[in-house]
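K.L.:
Submitted below is the structure of interest, expressed as structure tokens.
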Amino acid sequence: MTPELALDLVRLQPLMDKANDPGADAQTVAAAFAAGQVVVRAHNQQFAEYFAGRLNGVALTFNRGEFNYSFRDAADAAQAFTMLSMQQGNDSKSAAISGAVVNLLLRDMKYKSSFDSDQEYLTTILMIAHSMHAFRRTIFSQLVAEQQLKPKVSVWPYVLAGACIVGAGFFLLG
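Residue numbers (the numbering used here): 595 to 768.
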């Protein structure tokens, strides 16, 4: 952890404490998550590496089998976290993810957090991992759709034009 990140977390701690109180109002929670988003975006590399370390062996089990998140290694998971937390299109989702990862870090550092149990802690890790995976799949689907919408370039008109030019050249010169 860098000194700048530690200082920002110390500044963020009182607001997060208020937001983590059971009687906190929606405005306080929203302000805390927005402030958490600013901190996560300012120190994105450190948070990405921190969260990627939490994803070792993460899998979510459903009734019909197992769903594994496809992160090749810690660097791949860190890149996916960076993409998710830095996105501008769904800013509220990014703020929620940022607030959750700040609370994970606070709990790991033995500070007051919104997670009281290990089950809540693990559920949040899985929720963030699922969001990262879903965001990557959405981006991939958009790229595929854009590629399919591009007009297909055919070679045959160029071959036909070339044959006509060669034929005309033989006719004129021959």
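Ideal Cβ placement from N, Cα and C applies to all residues, glycine included.
Using a Cβ-Cβ cutoff of less than 8 Å, which residues in the same chain neighbour A757 once the five nearest sequence positions on both sides are dropped?
P.N.:
So the list is empty, once near-sequence residues are dropped.
K.L.:
Between the Cα of Y705 and the Cα atoms of M610, L599, V760, which residue gives the shortest distance?
P.N.:
Looking at the Cα atoms, M610 is the closest of the given residues.
K.L.:
Out of curiosity, what's the CA-to-CA distance linking I733 and M726?
P.N.:
Approximately 11 Å, taken between the alpha carbons.
K.L.:
So the candidates are A668, M680, P616; which of them puts its Cα closest to the Cα of G630?
P.N.:
Checked all of A668, M680, P616; the closest Cα to G630 is M680.
K.L.:
Apply the 10 Å Cβ neighbour rule to F765 and answer buried if 16 or more other Cβ atoms are within range, or exposed otherwise.
P.N.:
Exposed.
K.L.:
Below 8 Å on the Cβ atoms is my contact criterion, and I expect A600 with K612 to pass it. Report the Cβ-Cβ distance as a whole number of Å.
P.N.:
That belief does not hold up - the Cβ atoms of A600 and K612 are roughly 20 Å apart, past 8 Å.
K.L.:
I need the DSSP call for D611, collapsed to helix, strand or coil.
P.N.:
Helix at D611.
K.L.:
Between T676 and the rest of its own chain, which residues show a CB-CB distance below 7 Å, the 5 nearest in sequence each way excluded?
P.N.:
Within the same chain, T676 has close Cβ partners N638, A642.
K.L.:
Would you call T655 buried or exposed, if buried means 16 or more other Cβ atoms sit within 10 Å of its Cβ?
P.N.:
Interpretation of T655 is limited by its pLDDT of 48, a score under 50 that renders its predicted location unreliable; the figure taken from the coordinates is listed afterwards. T655 should be labelled exposed.
K.L.:
Once the 5 residues before and after N657 are set aside, which same chain residues still bring their CB inside 8 Å of it?
P.N.:
Its pLDDT being 49, under 50, N657 is placed unreliably in this model, and the coordinates cannot settle the point.
K.L.:
Does R648 pass the burial test, meaning 16 or more other C-beta atoms within 10 Å, or should it be called exposed?
P.N.:
Buried, because 16 or more other Cβ atoms sit within 10 Å of the Cβ of R648.
K.L.:
Would you call the CB atoms of S708 and N614 closer than 8 Å?
P.N.:
Yes. Within cutoff.
K.L.:
If you drop the 5 nearest sequence neighbours on each side, which residues of the same chain put their C-beta closer than 8 Å to that of T596?
P.N.:
Around T596: H637, Q640.
K.L.:
Since V760 is in the alpha helix (DSSP H), which residue starts that stretch and which ends it?
P.N.:
V760 -> alpha helix (DSSP H) spans 750 to 767.
K.L.:
May I ask which residues mark the beginning and end of the alpha helix (DSSP H) holding D670?
P.N.:
Element bounds for D670: 668 to 680.
K.L.:
If you reduce the DSSP assignment to three classes, tell me which class A618 lands in.
P.N.:
Reduced to three states, the DSSP call for A618 is coil.
K.L.:
Terminal residues of the continuous alpha helix (DSSP H) containing Y644?
P.N.:
First-last of the alpha helix (DSSP H) with Y644: 638 to 648.
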